[in-house]
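Trainee: Every position in the sequence shown, counted from 1, becomes a number in the numbering used here once 465 is added. Using N, Cα and C, we set each Cβ at its ideal position, and we do this for glycine too. Can you read through this structure? Questions will come right after.
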Amino acid sequence: MSVQLRPSQALRLWQQVSLAEVRGKAPDLTERQLAILLTIYLDPPPHTVRGLAEKLDVSKPVITRALDTMGALKLVSRHRDPSDRRNVLIKRTVEGALFVERFGDVVVAKSAELPL
Numbered sequence: 466m467s468v469q470l471r472p473s474q475a476l477r478l479w480q481q482v483s484l485a486e487v488r489g490k491a492p493d494l495t496e497r498q499l500a501i502l503l504t505i506y507l508d509p510p511p512h513t514v515r516g517l518a519e520k521l522d523v524s525k526p527v528i529t530r531a532l533d534t535m536g537a538l539k540l541v542s543r544h545r546d547p548s549d550r551r552n553v554l555i556k557r558t559v560e561g562a563l564f565v566e567r568f569g570d571v572v573v574a575k576s577a578e579l580p581l
């Protein structure tokens, strides 16, 4: 199902979701951190630092810094790949799943408030 939004509506939705996030009690993630988190939770695993860096077209240190922050918030966890110890696997957590679910609820609620 496709949703048709005018550019002004899409921007208003983005603004309203951003405002709700800033005003809320949830961790304040950067745009890059949020993109990484959503990729981890919406795309099928496995996820590696290397794979995320390629997908987002950024360096591995950029991914590592974002994962450091999100790991401290318990939104993701990292483990060495037992089959190839050079790889670091990024795992989902309960806290991260709840964060993403709540974020989706905010998007849905704010989209319902958009003027037609």
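Do Lys556 and Val541 have their C-beta atoms closer together than 8 Å?
Mentor: Numbered from 1 along the sequence shown, position 91 holds the residue referred to as residue 556. Numbered from 1 along the sequence shown, position 76 holds the residue referred to as residue 541. Yes.
Trainee: Residue range of the beta strand (DSSP E) that Lys556 falls in?
Mentor: Position 91 of the sequence shown, counted from the first residue, corresponds to residue 556. Counting along the chain, the beta strand (DSSP E) containing Lys556 begins and ends at Asp549 to Arg557.
Trainee: Go ahead and label His544 buried or exposed: buried means 16 or more other beta carbons lie within 10 angstroms of its beta carbon, across all protein chains shown.
Mentor: Here residue 544 refers to the residue found at position 79 when the sequence shown is read from its first residue. Under this definition His544 is an exposed residue.
Trainee: What residue range does the beta strand (DSSP E) around Asp546 cover?
Mentor: For the purposes of this step, residue 546 is taken as residue 81 along the sequence shown, with counting starting at 1. Per DSSP, Asp546 belongs to the beta strand (DSSP E) from Val541 to Asp546.
Trainee: How is Thr495 classed by DSSP in three states: helix, strand or coil?
Mentor: Taking the sequence shown and counting its residues from 1, the one referred to as residue 495 is at position 30. Thr495 falls in the coil class under three-state DSSP.
Trainee: On the DSSP letters alone, give me the boundaries of the alpha helix (DSSP H) that Met535 sits inside.
Mentor: As a working mapping, residue 535 is identified with position 70 in the sequence shown. Here the alpha helix (DSSP H) through Met535 covers Lys525 to Ala537.
Trainee: Considering just the uninterrupted stretch of the alpha helix (DSSP H) at Arg515, what are its terminal residues?
Mentor: Counting from one through the sequence shown, the residue named residue 515 turns up at place 50. Val514 to Leu521 is the span of the alpha helix (DSSP H), which, as asked, contains Arg515.
Trainee: Considering just the uninterrupted stretch of the alpha helix (DSSP H) at Ser483, what are its terminal residues?
Mentor: Residue numbering aside, residue 483 sits at position 18 when the sequence shown is read from its first letter. From DSSP, the alpha helix (DSSP H) with Ser483 extends over Pro472 to Arg488.
Trainee: Based on Cα-Cα distance, which residue from Arg471, Arg477 and Val559 lies nearest to Leu538?
Mentor: Your numbering for residue 538 matches position 73 in the sequence shown. With distances taken between Cα atoms, Leu538 lies closest to Val559.
Trainee: Cutting at 8 Å between CB atoms, please list the residues of its own chain near Ala518, excluding the five before and the five after it.
Mentor: On the sequence shown, position 53 is the one that residue 518 refers to. Excluding residues within five positions, the ones whose Cβ falls inside 8 Å are Ser524, Lys525, Val527 and Ile528.
Trainee: For my contact list, Leu502 and Leu494 are in at a C-beta cut-off of 8 Å; report their separation, rounded to the angstrom.
Mentor: Position 37 of the sequence shown holds residue 502. Position 29 of the sequence shown holds residue 494. Rounded, the Cβ-Cβ distance is 7 Å, consistent with contact.
Trainee: What would DSSP say about Leu563, mapped onto helix, strand or coil?
Mentor: Position 98 of the sequence shown, counting from 1, holds the residue named residue 563. Leu563: helix per DSSP, three-state reduction.
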